[in-house]
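If you're matching positions, the sequence shown starts at 1 in the working numbering and goes up one per residue.
Glycine included, each C-beta is placed from N, C-alpha and C at the ideal position.
See below for the structure under consideration.
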Amino acid sequence: MPRPHSEIPSQRLAVGRAQPSATPAKPYRSNWWSVAIIVIGWTALAYPIMLLGLLSFIFMTGTYDGSVTVGSVAFGILGVLLTLSMLAFPVLLGMAVKVRRRRLWISAIVTGVLTVAAFLYLTSQWIIPLAGA
1 MPRPHSEIPS QRLAVGRAQP SATPAKPYRS NWWSVAIIVI GWTALAYPIM
51 LLGLLSFIFM TGTYDGSVTV GSVAFGILGV LLTLSMLAFP VLLGMAVKVR
101 RRRLWISAIV TGVLTVAAFL YLTSQWIIPL AGA
């Protein structure tokens with residue numbers, strides 16, 4: 001008895017493409033997961049974001065030591081980039097949890113590493129020394 005037509009692979013497609021997919025796509029999670037992650041993340045990072053943004057502005061304008069040097073401008077630009085990374089991390093993490101895409105996970109991990117680096121810098125160089133003074 002011949003096979004049904006639905007089981008015969010197409011001659012136009014590659015053999016790997018002709019077979020049905022074994023793993024169906026995972027469904028999206030609720031939007032509330034993303035909203036909760038973003039709100040909690042921005043609440044936790046609000047003070048470091050403001051502090052790093054203020055420090056970047058102070059170093060780039062030269063009000064810290066009275067002069068503007070190449071190093072202070074470079075530090076200011078790095079600070080702004082790290083501030084943007086801290087702003088983007090909760091959003092990318094929330095989207096990665098909701099949508100479950102590898103590209104979003106990779107970008108969330110990269111911005112997360114930059115966020116942790118900025119947070120450690122702020123804690124070790126500014127928050128702890130100023131709290132002890």
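- Between Ile58 and Pro90, the gap from beta carbon to beta carbon reaches 9 Å or more.
- Under the DSSP assignment, Val68 falls outside any alpha helix (DSSP H); it carries neither an H nor an E label.
- Taking every protein chain shown into account, the CB of Ala96 has 16 or more other CB atoms within 10 angstroms, so this residue is buried.
- A direct Cα-to-Cα measurement between Thr83 and Pro27 gives close to 33 Å.
- With a 10 Å radius around the Cβ and a threshold of 16 neighbouring Cβ atoms, Pro48 comes out buried.
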